[in-house]
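First residue of the sequence shown: 1066, per the numbering used here; consecutive thereafter.
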Amino acid sequence: MLGYIPSRERSLLKTFYEENYLYPMKEEIKWDTVKTVKKLAERVKSYRNDSYSKVVPIKVLNNKSDNHILDFPNNTLYISLADFNDTDNICKRIEEGNYNVLILNISQNSGGSVQKMLSIASFLITKPVDLCLNYRSRERKYSMHGNPNIEGKDICILTSKNTVSSAEILAYIIKEGNPNSSIKGERTYGKAEGQVSKISFKYKYVFCLTAYIWLVNGLNCEQLIEKYNNDFDDKAADISEYLKIFEAELKNK
């Protein structure tokens, strides 16, 4: 992370920071002294007030997906949604609808693209749900309508303390928008804020900023966790042994 940042690129970074940064820095960045990616990373790390804004080398981005789909007995579809890197096949499989029960495992999902999350959420609700992202100087609203094809199907959402950010939003959108859904697992992480990123492939860095607070149907993360407090079931979250047995049965067929 030693790359030099030209003045024009620094100007773009400054604009990106000023438009998006949700919290004030402990000390404002002196942009005329930020001439390298390393220096920018040092400034952001030293001066930030939140835990998530950062500058990292572009090589740390991981586009590999660990998502997978299994067909369980009794018309039960199991989807392990470990990330939002590759969701097309998952959306397609959900849309096919040839199942009575859907188990959506997001217990190890640490978040990702809001747009990809919404593409999944739109298939799993039966009544309208609103998502609002409150940025520093603006609001961005998403209104989702119910999907009649999912009506009558039971949805079980597996969560844990490792269910973070967009994965949390997905869990609560489904709960708010589908009366046939249930949460089984630990309470979610409780990350009420979201990030936006400026990626520079030329100078090989990612500038990530905490930029918004999210609300589902007007409720923030803390309020949603409290609302569904009785749904969480720590013991029901661990189905690892069952999965091992079932995957072994699949291999033996």
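Don't be surprised by glycine CBs; every beta carbon is placed ideally from N, CA and C.
In this structure, the alpha-carbon of N1294 lies about 10 Å from that of Q1288.
A distance below 7 Å between beta-carbons, with the five flanking residues on each side excluded, links Q1260 to the following residues of its chain, in chain order: Y1117, C1273, L1274, T1275 and A1276.
DSSP places Q1180 in the helix class (H, G or I) of the three-state scheme. With a cutoff of 9 Å on beta-carbon distance, F1297 and I1220 are scored as not near each other. Following the DSSP letters along the chain, one finds I1248 inside the beta strand (DSSP E) bounded by residues S1246 to G1250. According to the DSSP assignment, I1238 belongs to the alpha helix (DSSP H) that extends over S1231 to G1242.
As DSSP reads the structure, H1133 sits in a beta bridge with S1145. Look at the beta carbons and you see the region 1141-1149 not touching the region 1202-1212: under three pairs across the two are nearer than 8 Å.
In this structure the region 1103-1117 does not touch the region 1126-1142; the number of beta carbon pairs closer than 8 Å is below three. Counting only runs that start and end inside the region 1168-1217, the alpha helix (DSSP H) elements of at least 4 residues fall at 1179-1186. Counting along the chain, the unbroken beta strand (DSSP E) around T1224 starts and ends at D1219 to T1224. In the DSSP assignment, V1281 falls within the unbroken beta strand (DSSP E) covering Y1270 to V1281. Just measuring C-alpha positions, the residue of C1156, E1161, E1160 and V1166 sitting nearest M1182 is C1156. Cα atoms of K1206 and D1195: separation of roughly 7 Å, rounded to the nearest angstrom. Per DSSP, reduced to three states, the secondary structure at T1101 is strand. Under the DSSP assignment, K1263 falls in the beta strand (DSSP E) whose first and last residues are E1258 to S1265. Here the alpha carbons of I1222 and L1169 stand approximately 5 Å from one another. In this structure, the beta-carbon distance from V1099 to R1073 does not fall below 9 Å. Distance from the CA atom of N1245 to the CA atom of G1211, rounded to whole angstroms, is 13 Å.
The C-beta of G1250 has 16 or more other C-beta atoms within 10 Å across all chains shown, which makes the residue buried. For I1234 and L1280, the gap between their C-alpha atoms comes out near 8 Å.
Of the residues assessed, Y1143 falls on the buried side of the cut-off, its CB having 16 or more other CB atoms within 10 angstroms.
Beta-bridge partners of Y1069 (DSSP): T1101.
Cβ contact annotation for L1105 (same chain, cutoff 6 Å, sequence separation greater than five): V1099 and V1120, in chain order. For P1089, the closest of Y1112, C1197 and S1184 by C-alpha to C-alpha distance is Y1112.
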